[in-house]
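Enquirer: One point on numbering: in the numbering used here, the residue at position 131 of the sequence shown is 1118, and numbering is uninterrupted.
The structure under discussion is supplied below as structure tokens; questions concerning it will follow.
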Amino acid sequence: MMSDEKFTNKIRATVIKDSRFEGRDVGCSRLITVEYVAPKFLLAEINTHRMMVKNASSSRSEPTTSFMTHVFVPTKVGKNKSGMQSSEYLNDDELSEFQKDWLRIYEMVSEEVCKLKDKYNPHKQTLNRLLEPFILAKGVITATEKWWNHFFMLRDSDLAQPEIKELSVAMRKAINDSTPQTLRVGEWHLPYVDSKVAGDNNINIKISASCVAQVSYRKLDLTEDKALSIFEKLNLLSKDKMNPPHISPVQHIACCVSKRHLFSFLNVVKYNIDSFHSEFGEFFVQCSKLIENLGTLSFNE
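Here's what the structure looks like:
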């Protein structure tokens, strides 16, 4: 049996970047990036929220021996009944016994996984799937305040699964405790980077994209050399069909530019202005939209 410390509930959330369009005070003028740790089985529910940009740790990238140490144990378990919600929960004694049985089942599964690993040496992208029901995952979500509130309305509810409610409560608290930075037109929302500007040769955009990408497969390394090395592997401006770009990390990065200001930034009128705005509403343009429409990371190229 592994140490009890590894089996404690570790659902948590931290605001990574919080930005507000200067002079605006509506739900879509505030953009918030949150990093979280939660049971991997919640991703199916999190991914139903289309207006939130999401990345999460990958079962295909982490070695199995490391993957199997991030174990989650339920701390609130309802008794079975018809419908999607339980109205009666295990008492403390019952819950303690349930958790022991949960860990016993996990140990059985992990032991069998180790046997499969030794016998067949299968790739982790297959082997790790057997462990997913028990595993905690790290993720990052970016959305406007409007869509965060919609998430909380659905998930911070007694009708929600207890684990996603606990995550929602942690996220709501982190956001309520956060003070947004003020962005002027042309400044940037850059998760993991303490700057509001793209920087020379878009260095801050590149480091931010790298850090978001690292969430899916490795421990965060903010050193410039490592970040740039990872950024290059994203192939963001590549047109090579055999080595396609990995766009999702730069969907979290956005320039503070409203529709009204876009014409002056583009200098021409041939573009469909609506094609520059998507999940983040009318006040922020995702870096991914600049790649899609202009083939660049920023307006300054």
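Built from N, CA and C at the ideal position, the CB exists for glycine as well.
Quick one: using the 10 Å Cβ neighbour count with 16 as the cut-off for buried, is R1007 buried or exposed?
Expert: It counts as buried.
Enquirer: Can a CB atom of chain D be found closer than 8 Å to the CB of R1091?
Expert: In summary, chain D is missing from the structure at hand, where a single protein chain is found.
Enquirer: Closest to F1252 by C-alpha separation, out of T1129, V1272, F1138, would be which residue?
Expert: Answer by Cα proximity: V1272.
Enquirer: Looking only at its chain, what residues have a beta carbon closer than 7 Å to the beta carbon of V1064, apart from the 5 residues adjacent to it on each side?
Expert: Y1076, L1077, L1082, F1085, listed in sequence order.
Enquirer: If A1157 and R999 are in contact, beta carbons under 8 Å, what's the gap, nearest whole angstrom?
Expert: Rounded, the Cβ-Cβ distance is 6 Å, consistent with contact.
Enquirer: Taking C-beta to C-beta, are K1125 and V1024 nearer than 8 Å?
Expert: A contact, by the Cβ cut-off of 8 Å.
Enquirer: Tell me, to the nearest whole angstrom, how far the beta carbon of K1027 is from that of I1033; I am working on the premise that it is less than 8 Å.
Expert: Not really, about 10 Å apart at Cβ, beyond 8 Å.
Enquirer: Whose C-beta lies closer than 6 Å to the C-beta of S1285 among residues of the same chain, with five residues either side of it excluded?
Expert: The residues are A1185, N1189.
Enquirer: Identify which residue in T1283, P1236, N1163, N1287 has its Cα closest to the Cα of T1129.
Expert: Comparing Cα positions, the closest option is P1236.
Enquirer: Would you say the stretch 1099-1106 touches the stretch 1190-1202, given that touching needs at least three Cβ pairs under 8 Å?
Expert: These segments do not touch.
Enquirer: On a CA-only basis, which of T1056, K1087, D1143 is nearest L1118? Give me that one, please.
Expert: Out of T1056, K1087, D1143, T1056 has the C-alpha closest to the C-alpha of L1118.
Enquirer: Please report the residue range of the alpha helix (DSSP H) in which L1082 lies.
Expert: From DSSP, the alpha helix (DSSP H) with L1082 extends over 1079-1107.
Enquirer: Return the chain-ordered ranges of every beta strand (DSSP E) run that is complete within the stretch 1212-1249 and spans a minimum of 3 residues.
Expert: 1241-1243, all fully within the stretch 1212-1249.
Enquirer: Mind checking which residues open and close the alpha helix (DSSP H) that includes E1150?
Expert: Unbroken alpha helix (DSSP H) run through E1150: 1149-1163.
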